[in-house]
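Student: Below are the C-alpha cells for one structure; questions will follow.
Protein chains: 2
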Amino acid sequence: MTVSKTAEKSSEKSGDATRGRKDAAEGLPEALQLGELSEQLGYVLKRAQLKVFENFLRCMASLQLTPAQFSVLLLVEKNPGRNQTEIASTLGILRPNFVAMLDNLESRDLCARIRSTNDRRSHILVLTDKGKAVLARAKKLVATKHEARLNELLGQANREALLGMLSKIANEF
Amino acid sequence: MTVSKTAEKSSEKSGDATRGRKDAAEGLPEALQLGELSEQLGYVLKRAQLKVFENFLRCMASLQLTPAQFSVLLLVEKNPGRNQTEIASTLGILRPNFVAMLDNLESRDLCARIRSTNDRRSHILVLTDKGKAVLARAKKLVATKHEARLNELLGQANREALLGMLSKIANEF
DNA sequence: GATAATTGTTATGGACCATATCAAATATCG
DNA sequence: CGATATTTGATATGGTCCATAACAATTATC
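Same order as they appear, the protein sequences are chains A and B.
Each residue of the first sequence is one higher than the last, beginning at 3 in our numbering.
Each residue of the second sequence is one higher than the last, beginning at 3 in our numbering.
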C-alpha cells in the first residue's frame, strides 16, 4: 500500500476529520471505542487478572507478600516434606527461577531449606514458625479484604461459578 | 525458629517420613495437594489466562500475531485517526513501550504512522491494506479456532456469563 | 513572546520467564 | 563392584514485558 507519510488530503476517507487536535475546539476527551475488544475473552481475562493481582498486593502490603510468594507458602504448608523441584513444578515455576524466590523467603525467615537425609541432593522445604504465623495472617487478610470484596462485587454464587469456569479453562483447555 | 539445617531426627513431626526418596520403594509420583490454592481466585485466574493466551498464540501461529498486537490492530481499525498516545493508553500500554511495538507492526506493513497536519507532534495511526487483510483473517481464526473452543468447553451461555463477570472485575474492582 | 505542557522517542532498570550448564549426589546397568 | 546416566539445586545468561526519567520538537498558555 505504501501509505503516504503526510496525511495530505486525508486521501483515506478518514474516519472524521471533524475532530481537530484537542477535540473540535472543545468537548470531552472523546473516549475510544473498544469495539470487539470487549468481547475478546483473552483481553478481558488479562485485564481482570491484573486488577485482582493489584488488589491482592494492596491487601498484602503490610505483610509484603506477592501472589507467587503466597502460593509458595500455601503449598509448602499443605505439603510438608517436599523438595524444591516438587513445589516449584506444581506451581509452574522453573527450578532456576525458584532459587531466588526461596532465597528471599528464607532470608525473611518465612521458610527454610533442610538437606534431606534420604537424598542428600534435595532440599526439603518447611515453614518456620514465623512463616506459619505470617501465612495465617495472610490468609485472614485475603479472606476478609480480598475475597470478600469479590463476593460483594459478584455475589457468592457467581464467584463460585466464576471459579469453576476458570478452573475448567486452566485444566482442560 | 532457626530450623536446624540437617533434618536430624526429623524433629518436626515431619508430615510423613513414609515416603522415602522416590516414593517408598515404588508407586506413583504422588501428586501434591493444591489445597486452598485451588480456591484462590487470583491463582486460578492467572493460570486460566496463561492457557488462553497460549492457545491464542497457537491459533495465530500462521499470522504471527500476539494478543497485544491483535488488540492494537483491532483498536486502530475501530478508531481511525487517533494518535499513539490515545491508542496506547486505552490499552494500558505506556507510551515508551508502545514505540517498539509500532515499529514492529509498521515494519511488517500492517499499520502506518502518519504525521498529523493539525498537530505535527502526533502520529495518526492507520491500518494498511495488508493490515486490514491480516486483521480480517485473524478475526476469523480467533472466531473459528479460539473462541469456538471455549464455547465447546463452557457452552455459549456460560462463556457469556464468564465474560460478563470478568468485565465487571476489570472495570469495577 | 517567555514559559509550560504534550508527543514521540531513547535509555535504562526491574520483574518475570526460559535455556544451557555445572557439581554433587544418586540411580542404573553391565 | 564400577562406569555411565540421571536428578537436584544452583549459576549464568538472554528475552520479554513493564515502569521511570529525560530529551527534542511542537504546541498551548499566560
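Note that CB positions come from ideal geometry on N, CA and C, so glycine has one too.
#1: Using the beta-carbon of each residue, which ones in chain B are nearer than 9 Å to Leu152 of chain A?
#2: Measure the alpha-carbon distance for Ser73 of chain A versus Tyr45 of chain B and round it to whole angstroms.
#3: Could you tell me which residues DSSP pairs with Ala114 of chain B in its beta bridges?
#4: Within 7 Å of any Cβ in chain B, is that where the Cβ of Ala50 of chain A sits?
#5: Assuming the contact rule is C-beta atoms closer than 8 Å, Thr92 of chain B and Leu77 of chain B should be a hit. Round their C-beta distance to whole Å, please.
#6: Pick helix, strand or coil for Asn85 of chain A, following the three-state DSSP scheme.
#7: Does DSSP classify Phe58 of chain A as helix, strand or coil?
#8: On the CB-based measure, 16 or more other CB atoms within 10 Å of its CB, does Asn120 of chain A come out buried or exposed?
#9: With burial defined as no fewer than 16 other Cβ atoms inside 10 Å of the residue's Cβ, what is the status of Ala27 of chain B: buried or exposed?
#10: Strictly under 7 Å for the Cβ-Cβ distance: is Met62 of chain A near chain B by that measure?
#11: Which residue spans inside the region 148-173 of chain B form an unbroken alpha helix (DSSP H) run of at least 4?
#12: Anything in chain B within Cβ reach of Pro69 of chain A, meaning under 9 Å, just list it in chain order.
#13: Asp131 of chain B to Gly83 of chain A, Cα distance in whole Å?
#14: Just to confirm the assignment, what range does the alpha helix (DSSP H) spanning Ala102 of chain A have?
#15: Going by C-alpha to C-alpha distance, which of B:Leu152, B:Ala33, B:Arg151, B:Glu174 sits closest to Asn85 of chain A?
#16: Grab me the residues of Lys134 of chain B's own chain with a C-beta within less than 8 Å of its C-beta, minus the 5 sequence neighbours each way, in chain order.
#17: Any idea what DSSP makes of Gln42 of chain A, helix, strand or coil?
#18: Tell me which same chain residues have a C-beta within less than 7 Å of the C-beta of Leu107 of chain B, skipping the five on either side of it?
Tutor: Judging by the given coordinates:
#1: Leu43, Ile171, Phe175
#2: 8 Å
#3: B:Val128
#4: yes
#5: 7 Å
#6: strand
#7: helix
#8: exposed
#9: Note that Ala27 of chain B scores 43 on pLDDT, short of 50, meaning its location in the model is unreliable; the coordinates nonetheless yield the value given after this. Exposed.
#10: no
#11: 150-156
#12: Gln42, Gly44, Tyr45, Lys48
#13: 60 Å
#14: 97-109
#15: B:Ala33
#16: Glu79
#17: coil
#18: Gln71, Val74, Cys113
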